[in-house]
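Residue numbers (this note's numbering): 649 to 771. Each residue gets a CB set at the ideal place from its N, CA and C atoms; glycine is no exception. Nothing here was measured: the structure is a model prediction, and the numbers come from that model. Report on the following structure.
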Ligand SMILES: [Cu+2]
């Protein structure tokens with residue numbers, strides 16, 4: 649039995665093709681769609697539960713953006729043409745993790761931020 653703590657320790661990060669099965673087969677995945685556009689991410693708060701397997705499907709509605717969560721070593725390009733980019737990982741320990749655009753997209757770029765909020769699992 650893997651406790652959330654162990655799952656967090658074993659945190660995996662993978663970039664996979666959209667629609668691909670979980671890296672760890674059989675584990676339910678919490679999939680969340682995110683739209684990047686000048687100069688926001690929608691939703692701007694991404695709610696997950698520590699230890700769960702998360703798949704973010706991110707696409708741009710206008711120009712090229714980046715999607716980065718520095719604390720989780722996630723940084724992907726989000727292409728201009730709207731092609732979705734998928735990031736899969738195990739939700740980290742409870743806390744708040746800043747998300748930011750990592751690819752210069754215009755004058756509002758440095759304000760283009762969101763937040764991943766990881767909640768402690770209820771028992
Ligand atoms: Cu940007």
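Between which two residues does the beta strand (DSSP E) holding residue i run?
i: residue 743; result: 743-748
i: residue 757; result: Element bounds for residue 757: n/a, residue is neither H nor E.
i: residue 684; result: 677-685
Can you list, in chain order, the residues of its chain with a C-beta nearer than 7 Å to that of residue i? Leave out the 5 residues immediately preceding and following it.
i: residue 742; result: 698, 766, 767, 768
Pull up the DSSP beta-bridge partners for residue i, would you.
i: residue 763; result: 693, 746
i: residue 733; result: 706
i: residue 700; result: Beta-bridge pairing links residue 700 to no other residue.
i: residue 711; result: The partner list for residue 711 (beta bridge, DSSP) is empty, contrary to what the question assumes.
Using the three-state DSSP reduction, which class does residue i fall into: helix, strand or coil?
i: residue 718; result: helix
i: residue 688; result: strand
With distances taken between CB atoms, is the gap from residue i to residue j smaller than 8 Å?
i: residue 756; j: residue 686; result: yes
i: residue 733; j: residue 706; result: yes
For residue i, I'd like the list of residues in its chain whose CB is within less than 8 Å of its CB, leaving aside the five on either flank, ordered along the chain.
i: residue 728; result: 708, 710, 711, 712
i: residue 759; result: 687
Excluding sequence positions up to five away, which residues of its chain have a Cβ less than 6 Å from the Cβ of residue i?
i: residue 726; result: 684, 706, 708, 713, 715, 733
i: residue 690; result: 683
i: residue 750; result: 714, 716, 723
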